[in-house]
Amino acid sequence: VSDISAVWTWQSNKWIDRIQWSVLINNIFNEQYESNGYFYTYDDNWSNPDQIKTIEGAGYYPQAGINFLTGISLRL
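According to the numbering used here, the sequence shown is numbered sequentially starting from 62.
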């Protein structure tokens, strides 16, 4: 996964000393990936009280595609 960021700075007038604008683009190639997974197991005796059945399952956590974050910083 590749990210890119940039920051631009402008010197301003007498009320604001500096203005800074930043941008961050995450997952610039829009890759589909999972960061983590999980596995679980439990004994089900609720569905049929006369029998205990072990239930198992697994899954994963898919991550975001391309996304961005931007910000402005003012120095007075």
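We treat Cβ as the ideally placed atom computed from N, Cα and C, and that holds for glycine.
With a threshold of 6 angstroms on Cβ separation, who are the neighbours of residue i within its own chain once the five nearest residues in sequence on each side are excluded?
{"i": "A67", "result": "V84"}
{"i": "Y103", "result": "I116"}
{"i": "G120", "result": "Y99"}
Which one of the options has the shortest CA to CA distance from residue i?
{"i": "D64", "options": "Q81, I86, W76 and W71", "result": "I86"}
{"i": "F129", "options": "G98, Y121 and N91", "result": "N91"}
{"i": "G126", "options": "E95, T70, I80 and I77", "result": "E95"}
{"i": "Q124", "options": "Y101, K75 and N88", "result": "N88"}
When DSSP builds the beta bridges, which residues end up paired with residue i?
{"i": "L85", "result": "S66 and L130"}
{"i": "K114", "result": "D105"}
Hey, is residue i close to the ligand PLP, as in C-beta under 7 angstroms from one of its heavy atoms?
{"i": "S63", "result": "Among the components of this structure there are no ligands whatsoever, and the ligand PLP is therefore not found."}
Within a Cβ cutoff of 7 angstroms, which residues of the same chain sit near residue i, ignoring the five residues on either side of it in sequence?
{"i": "T70", "result": "R79 and Q81"}
{"i": "S134", "result": "Q81"}
Less than 8 angstroms between C-beta atoms, sequence neighbours within five positions excluded: which residues of the same chain meet that for residue i?
{"i": "Q112", "result": "N106"}
When DSSP labels each residue in this structure, what does residue i get in the three-state scheme?
{"i": "S96", "result": "strand"}
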